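Note sheet for the following structure.
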Amino acid sequence: MPIITYKNLKVQVDDEGYLVNFEDWNEDVACAIAEREGISHECPLAQEKIDILRFMREYYKKHNSFPLLRAVCKNLHQPKNCTYEQFPDPIKAWKIAGLPKPTTEVFAYIRHNS
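Add 22 to the 1-based position in the sequence shown for this note's numbering, that's all there is to it.
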């Protein structure tokens with residue numbers, strides 16, 4: 023499996039770039055994945071992005087599912103389109119948050135509601 027190297031970190035990802043180990047995630051790993059996905063070329067990531075990623079991770083830990091994008095912004099007290107402003111592709115936000123690869127059903131739901 024591929025390895026992402028960033029600063030002095032090395033983390034394993036699958037062939038599509040999703041973290042293999044949920045616990046390997048931190049803000050530096052997020053930055054490395056964001057750069058790899060073409061989302062950001064500046065590290066550290068903006069606080070708005072980090073807040074969204076952290077919320078997604080906490081939501082996933084609690085519910086074992088992808089949060090509704092409207093709920094992300096509402097819970098973070100950000101504008102209703104905050105996820106799209108920070109991450110034009112919600113699937114990439116999911117990946118940058120270090121969450122496991124979504125199922126086909128989740129992909130379809132996200133694409134339909136994006």
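All C-beta atoms in this analysis are idealised placements derived from N, C-alpha and C, irrespective of residue type, glycine included.
In this text the structure is predicted, and so the values were computed from the model without any measurement.
Whole-angstrom distance between residue j and residue i, CA atom to CA atom
i: Val42; j: Lys102; result: 31 Å
i: Ala93; j: Tyr81; result: 10 Å
i: Lys84; j: His63; result: 31 Å
Residue burial classification, residue i (beta-carbon count within 10 angstroms, cutoff 16)
i: Glu60; result: Looking at the sequence provided, one finds Gly at residue 60 rather than Glu. It counts as exposed.
i: Leu91; result: buried
i: Gln34; result: exposed
i: Lys71; result: buried
Proximity winner among the options, relative to residue i (alpha-carbon distances)
i: Asn30; options: Asp50, His99, Glu38, Phe109; result: Asp50
i: Arg79; options: Ala52, Pro110, Lys32; result: Ala52
i: Thr27; options: Asp37, Glu38, Arg58, Phe44; result: Arg58
Residue i, enclosing beta strand (DSSP E) - first and last residue
i: Leu31; result: 31-34
DSSP state of residue i mapped onto helix, strand, coil
i: Thr125; result: coil
Range of the contiguous alpha helix (DSSP H) that encloses residue i
i: Tyr82; result: 69-85
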